[in-house]
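For reference, the structure discussed in these notes is given below.
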Amino acid sequence: MTVELHDPSWAGSSGLEIRFFYNDESQFPKVANTGDIVVLYKIKKLSTARGEIMISNAATSWVILEYESVKDSKSPDCSDIKVNIPSKANIRGLSPDIAMLSYAKAILSRETPEHWRKPLRSIGDASSGQTIQAITDKRQKFTLISDAVVPSHIAGIFGDVLCEIRRIWNPKTGDRCDIFVTDYTENPNLYDYRYVDGQEGIDHDYDDDGNQLLGTAL
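For the sequence shown, numbering that gives the first Met the number 0 gives the first residue as 0, with consecutive numbering after it.
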């Protein structure tokens, strides 16, 4: 699970990328609404070729402050703010103190909600194991590479493909690894991966057997 979080001090585009690694969805943070404030404990920051990111580890925990309750809070001690703490003991965050809750109110007061991007997904109660439901279904279930189609009104899709890995390119810069796969079908709309002078890679999007390759990044 990858999310982007930001506050008014963030100088990047949409936010700081944060990656969570757990075995199932019930262990992910429950972020129910745009504007909810996430308090993260013991999370690691890394510098990569693509910028700063943060990655969870076995000690990472969190709490979620509900957007509406923070926005409407009138209590001096912030006792009217709704705090969601994960029910699982191994990921349970500490209850935030008054100073942290007051800071959350200060952050939200400087935000401009109309500039927020509409979320791609509406996240239900992940702490109880409820499946995450997409507002707009961009998944094409199982598909052949030749049948994959990206509608003109969206930037991309998610799909399931069964492929053979033909080439792996790891430039050893940051955390990105590019792989090129084929299912022995062809799609003329795939990007033509050209050779870049001074870099190892493939000079076109066909392998030695003439099969068109699909490139993806891990």
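All C-beta atoms in this analysis are idealised placements derived from N, C-alpha and C, irrespective of residue type, glycine included.
Euclidean distance between Cα positions of residue i and residue j
| i | j | result |
| --- | --- | --- |
| residue 50 | residue 4 | 14 Å |
| residue 28 | residue 152 | 30 Å |
| residue 158 | residue 143 | 9 Å |
| residue 14 | residue 59 | 20 Å |
| residue 41 | residue 99 | 16 Å |
| residue 107 | residue 35 | 9 Å |
| residue 80 | residue 57 | 28 Å |
| residue 111 | residue 33 | 12 Å |
| residue 73 | residue 30 | 23 Å |
| residue 105 | residue 85 | 24 Å |
| residue 38 | residue 184 | 46 Å |
Residues near residue i by beta carbon distance below 6 Å, same chain, minus five either side
| i | result |
| --- | --- |
| residue 167 | 178 |
| residue 16 | 3 and 52 |
Simplified DSSP assignment, three categories, for residue i
| i | result |
| --- | --- |
| residue 110 | coil |
| residue 3 | strand |
| residue 81 | coil |
| residue 163 | strand |
| residue 29 | coil |
| residue 146 | helix |
| residue 101 | helix |
| residue 70 | helix |
Residues near residue i in its chain [Cβ-Cβ closer than 7 Å; skip 5 each side]
| i | result |
| --- | --- |
| residue 82 | 62, 64, 94 and 95 |
| residue 20 | 55 |
| residue 101 | 77 |
| residue 161 | 182 |
| residue 103 | 36, 64 and 69 |
| residue 186 | 144, 145, 147 and 211 |
Bridge-paired residues (DSSP) for residue i
| i | result |
| --- | --- |
| residue 51 | 46 |
| residue 64 | 36 and 82 |
| residue 182 | For residue 182, which the question treats as bridged, DSSP gives no partner whatsoever. |
| residue 17 | 2 and 53 |
Same chain only: Cβ atoms within 8 Å of residue i, ignoring 5 sequence neighbours per side
| i | result |
| --- | --- |
| residue 75 | none |
| residue 140 | 158 and 159 |
| residue 164 | 178, 179 and 180 |
| residue 97 | 76 and 77 |
Taking 8 Å as the cut-off, does the stretch 66 to 79 touch the stretch 40 to 55 (at least 3 CB pairs, one atom from each stretch)? They do not touch, by the three-pair rule.
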